[in-house]
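Asker:
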């Protein structure tokens, strides 16, 4: 455990000045600010809808969630998986890293956990900023009905789903980035995978849930389809999430064997 | 307890079908500066990577401080500092940050970073991005990184690569200081014998994955027996005369005769003897086959 902790701290220390690290903070700030600005400047049009609190929150949070779920999230995850490994490829530091008196599994796990943490931070910020900016909009535009509904559960559930459903992609891309030092191969494969995922999701292919890349979009789609007492109060652990977690676990272990077999030539 | 910091026993290593290291039995005594010599592509870097367990050796062939490396990987690596090929440095971090990162990984005090920077003369460039460093500065930072854990054994793969003459002298003096004052064992690889000759106490010469020579630097020098070269008139007559007098003729040219050197007194006697018998000697000198040639001979004969 100590060596995982040490390696994790080192990952943070190494990355704290890189774009990959700051992207986790800048992306949510940028997207949430843009959407909120849209709701502020276009308040007249939104008010015409006369949406009750719940609908207004769904519309406001959905604007960010949909962009995230379908496009940004898969690419962001690919970029994270790439950056965490690329820092070693680029500087030719794999050999030094594995010559340290640390367990190889710890080094690998720490890298993986660091990528997971960055994604978590990113999504956590999305949820908090959406919540915060929503209430800020209420103050700025008093006619809004944001104060009629508490979106906490809805935001926590959606972003938890998005987070969990992206872990499958992360593990897969993590392996690609371990094997290949260049940008094009992992991102290229990821790009094709994402397009496939979007198409499979859009045509409602029965087995779309088996493609890791379509899982974030699918996980969110269900939130729109499912009807209940409160349409925004849905369960987190649906089939997509379990598939994503299964992919994540299997590929994480496979990745470790790739790391141990990785010859440091 | 083993007296060797590094001992390999009939080490073999292949990349696919290609044998890179063949039956290599290194013996690096504790406290020595072991010059690991060989031409490019001889298997030096591969051997160093095996010693760091970056490449997995067969069981019971590699022992560091008497312990088998595969079954004692972490404990062994704690005692080793290494610089393999080009120094592995994070270009986007400063020199100091690179050292601090290593301190984090090794669980040692971050103040060690400043000490190391001072040791390798990089204090002034501590906060400069490492990607902006010159090759020599990178090399020195690489050595600092290898030294930060205060290891007992240092593996330095061509540490003077790309350094200017001043830098080479600095690294050389640093190695001597580390071995003599701090009692560290250093294995330093190079393809330049002249470089090793100045620092090493022990030498191993490797070519095409095989160890061609291993011993102290004095033993290596003994291999090149000194000769006396005599430039004399009437050369055939002189040869016959010397043979009759019981001398062994090592070689001859149209102008010179070469006989084995035994001592300065003997060389003087030989001179007197020839002159007394009517020969004219225009020069007489002691010759030593220099190590550079010896090295070439050893590596060519394979």
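Protein chains in written order, with our numbering: chain Y, 1 to 265; chain G, 1001 to 1302. Just so it is clear, CB atoms sit at the ideal spot from N, CA and C, and this is done for glycine as well. Predicted model only: the values in this text are computed from it and were never measured.
At 4 residues or longer, and completely inside the region 1095 to 1180 of chain G: list those alpha helix (DSSP H) runs for me, N to C.
Answerer: Whole alpha helix (DSSP H) segments, 4+ residues: 1095 to 1106, 1112 to 1119, 1135 to 1147 and 1165 to 1180.
Asker: State yes or no: is the beta carbon of residue 13 of chain Y nearer than 8 angstroms to at least one beta carbon in chain G?
Answerer: Output row for residue 13 of chain Y: interface = yes.
Asker: Give the residues of chain Y in contact with residue 1044 of chain G, contact being defined as C-beta atoms less than 9 angstroms apart.
Answerer: By Cβ distance, chain Y contributes nothing, its closest Cβ being about 14 angstroms from residue 1044 of chain G, past 9 angstroms.
Asker: Using the DSSP secondary-structure output, state which residues sit across from residue 1185 of chain G in a beta bridge.
Answerer: The partner list for residue 1185 of chain G (beta bridge, DSSP) reads G:1153.
Asker: What are the boundary residues of the beta strand (DSSP E) that residue 1023 of chain G is part of?
Answerer: Segment 1018 to 1024, the beta strand (DSSP E) holding residue 1023 of chain G.
Asker: Taking its Cβ as the centre, do 16 or more other Cβ atoms sit within 10 Å of residue 11 of chain Y, making it buried, or is it exposed?
Answerer: The residue in question, residue 11 of chain Y, is buried, as its Cβ has 16 or more Cβ neighbours within 10 Å.
Asker: Counting along the chain, where does the beta strand (DSSP E) carrying residue 1231 of chain G start and finish?
Answerer: Start and end: 1227 to 1232.
Asker: Along the chain, where does the alpha helix (DSSP H) that runs through residue 197 of chain Y open and close?
Answerer: Start and end: 184 to 202.
Asker: Output the residue ranges of the alpha helix (DSSP H) runs that lie fully inside the region 30 to 56 of chain Y and measure 4 residues or longer, sorted by chain position.
Answerer: Counting only runs of 4 or more, we get 43 to 48.
Asker: Can you tell me which residues form a DSSP beta bridge with residue 20 of chain Y?
Answerer: Answer by DSSP bridge pairing: none, since residue 20 of chain Y is not bridged.
Asker: Is there at least one Cβ from chain G nearer than 8 angstroms to residue 206 of chain Y's Cβ?
Answerer: So, not an interface residue.
Asker: Determine the DSSP secondary structure at residue 225 of chain Y, reduced to helix, strand or coil.
Answerer: Reliability of the predicted coordinates at residue 225 of chain Y is poor, the pLDDT of 46 falling under 50, and no value is obtained from them.
Asker: So with Cβ pairs under 8 angstroms, would you call residue 99 of chain Y a contact of chain G?
Answerer: Closer than 8 angstroms: yes.
Asker: Closer than 8 angstroms between beta carbons: that is the criterion. Which residues of the region 1173 to 1192 of chain G meet it against chain Y?
Answerer: For the region 1173 to 1192 of chain G, which is checked against every Cβ of chain Y, not one residue is closer than 8 angstroms.
Asker: Identify each residue in the region 1084 to 1109 of chain G for which the Cβ-Cβ distance to at least one residue of chain B is less than 9 angstroms, and report them in chain order.
Answerer: Among the protein chains of the structure shown, namely Y and G, there is no chain B.
Asker: Do the CB positions of residue 114 of chain Y and residue 183 of chain Y come within less than 8 angstroms of each other?
Answerer: Result no, Cβ atoms of residue 114 of chain Y and residue 183 of chain Y do not sit closer than 8 angstroms.
Asker: Provide the residue span of the beta strand (DSSP E) that contains residue 1027 of chain G, from first to last.
Answerer: Element bounds for residue 1027 of chain G: 1027 to 1029.
Asker: Beta-carbon within less than 8 angstroms of residue 72 of chain Y's beta-carbon, same chain only, minus the 5 sequence neighbours each way: which residues are those?
Answerer: Here the set comprises 27 and 31.
Asker: With a threshold of 8 angstroms between beta carbons, is residue 147 of chain Y in contact with chain G?
Answerer: Answer no: the Cβ-Cβ gap between residue 147 of chain Y and chain G never drops below 8 angstroms.
Asker: Which residues of chain Y have a Cβ atom closer than 8 angstroms to the Cβ of residue 1078 of chain G, listed in chain order?
Answerer: Per Cβ cutoff of 8 angstroms: 101.
Asker: Run through the DSSP bridge pairs and tell me what residue 1035 of chain G is partnered with.
Answerer: Its beta-bridge partners are G:1188 and G:1203.
Asker: Pull up the DSSP beta-bridge partners for residue 1082 of chain G, would you.
Answerer: According to DSSP, which records beta bridges pairwise, residue 1082 of chain G is partnered with G:1155.
Asker: Under the three-state reduction of DSSP, which class applies to residue 1295 of chain G: helix, strand or coil?
Answerer: Here residue 1295 of chain G sits in helix by DSSP.
Asker: Could you check what DSSP says for residue 1007 of chain G in three-state terms: helix, strand or coil?
Answerer: Residue state, collapsed to three classes: strand.
Asker: Could you give the residue range of the beta strand (DSSP E) that holds residue 955 of chain G?
Answerer: Because chain G is modelled from 1001 through 1302, residue 955 of chain G falls outside the range shown and cannot be assessed.
Asker: At a Cβ threshold of 8 angstroms, is residue 1122 of chain G touching chain Y?
Answerer: False, the Cβ-Cβ gap to chain Y never drops below 8 angstroms.
Asker: Would you call residue 242 of chain Y buried or exposed, if buried means 16 or more other Cβ atoms sit within 10 Å of its Cβ?
Answerer: Residue 242 of chain Y should be labelled exposed.
Asker: Name, please, each residue of chain Y whose Cβ falls closer than 8 angstroms to the Cβ of residue 1074 of chain G.
Answerer: Under the 8 angstroms cutoff, chain Y gives 101, 102 and 103.
Asker: Can you tell which of Y:218, Y:191 and Y:190 has its C-alpha closest to the C-alpha of residue 202 of chain Y?
Answerer: It is Y:218.
Asker: Alpha carbon to alpha carbon, how far is residue 1220 of chain G from residue 1042 of chain G?
Answerer: Roughly 19 angstroms separates the two Cα atoms.
Asker: Note down the Cα distance separating residue 225 of chain Y from residue 1049 of chain G, rounded to an integer number of angstroms.
Answerer: Unreliable positioning characterises residue 225 of chain Y in this predicted model, as indicated by a pLDDT of 46, which lies under 50. A coordinate reading is not provided.
Asker: Excluding five sequence neighbours on each side, which residues of the same chain lie with their C-beta closer than 7 angstroms to the C-beta of residue 1198 of chain G?
Answerer: So the list reads 1172, once near-sequence residues are dropped.
Asker: If you compare alpha carbons, which of G:1244, G:1228 and G:1133 is closest to residue 1263 of chain G?
Answerer: Closest by alpha carbon: G:1228.
Asker: Short check: CB of residue 106 of chain Y to CB of residue 7 of chain Y, under 8 angstroms?
Answerer: Taking 8 angstroms as the Cβ cut-off, residue 106 of chain Y and residue 7 of chain Y qualify as a contacting pair.
Asker: Mind checking residue 214 of chain Y: buried by the 16 CB within 10 Å criterion, or exposed?
Answerer: Result: buried.
Asker: Can you list the residues of chain G that residue 18 of chain Y reaches, using a CB-CB cut of under 7 angstroms?
Answerer: Those are 1092, listed as they occur along chain G.
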